[in-house]
Structure formats: structure tokens, C-alpha cells
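*Asks:* Just passing along the structure, written as C-alpha cells.
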Amino acid sequence: MRNRFSREEVNIDEVQSITRDLVKSVLNYSDPNMSLVEIIDRNIKKFNSRKNLYMQKIDVKDYIASFSDFPKS
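For the sequence shown, my numbering gives the first residue as 4, with consecutive numbering after it.
This is the structure we're talking about:
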């Protein structure tokens with residue numbers, strides 16, 4: 004298997020191991036006895052329940068310019 008952006012051979016076991024370690028480090032906010040899948044699922048649910056708090060309430064009408072004579076005839 005090769006990396007799609009280079010000719011370097013990719014060891015999938017190494018990539019999985021690095022990814023697993025990274026996710027464990029970043030998402031270690033849950034019970035350490037939980038599986039990686041459970042940790043990810045729990046954090047996704049937390050994010051989804053809070054995502055509206057992170058998103059700005061945008062009214063598109065505030066960003067649309069109106070021109071009384073557009074289009075000109």
C-alpha cells in the first residue's frame with residue numbers, strides 16, 4: 004500500500020497504531036476502561052449535543068446587499 008501523495012510505502016499496521024495512540028491521547032476524557040470506539044462515540048455525541056452553542060446564529064439576509072435599481076432595464 005502506498006500513500007496517495009507520495010511513492011513511500013505505507014505500513015497500515017503502523018498507521019493504525021499511531022492513529023490509535025493519538026486518539027487515546029486526545030480523547031482520554033472518558034472512562035479508561037472504555038474501548039476506543041466507545042470513547043469516540045461518546046465524544047461525538049457530546050459534540051453533537053453542543054454544536055449549536057459553537058455555531059453563530061447567522062441570518063443570510065444580513066449579508067445580502069439589495070439594490071433598488073438592480074437589474075437596470
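Idealized CB from N, CA, C, for every residue including glycine.
#1: Quick check: the Cα distance between P74 and I67, rounded to an integer number of angstroms?
#2: Report yes or no: do the stretch 10-18 and the stretch 32-44 share at least 3 C-beta pairs separated by less than 8 Å?
#3: Buried or exposed, going by whether 16 or more other CB atoms sit within 10 Å of the CB of I61?
#4: Under 8 Å between the Cβ atoms of L39 and V26?
*Replies:* A quick look at the data gives this:
#1: Numbered from its first residue, the sequence shown carries residue 74 at position 71. Numbered from its first residue, the sequence shown carries residue 67 at position 64. Going from the Cα of P74 to the Cα of I67 covers about 15 Å.
#2: no
#3: Within the sequence shown, numbered from 1, the residue matching residue 61 stands at position 58. It is exposed - the Cβ of I61 has fewer than 16 other Cβ atoms within 10 Å.
#4: Residue numbering aside, residue 39 sits at position 36 when the sequence shown is read from its first letter. Residue numbering aside, residue 26 sits at position 23 when the sequence shown is read from its first letter. For L39 and V26, yes; Cβs fall inside 8 Å.
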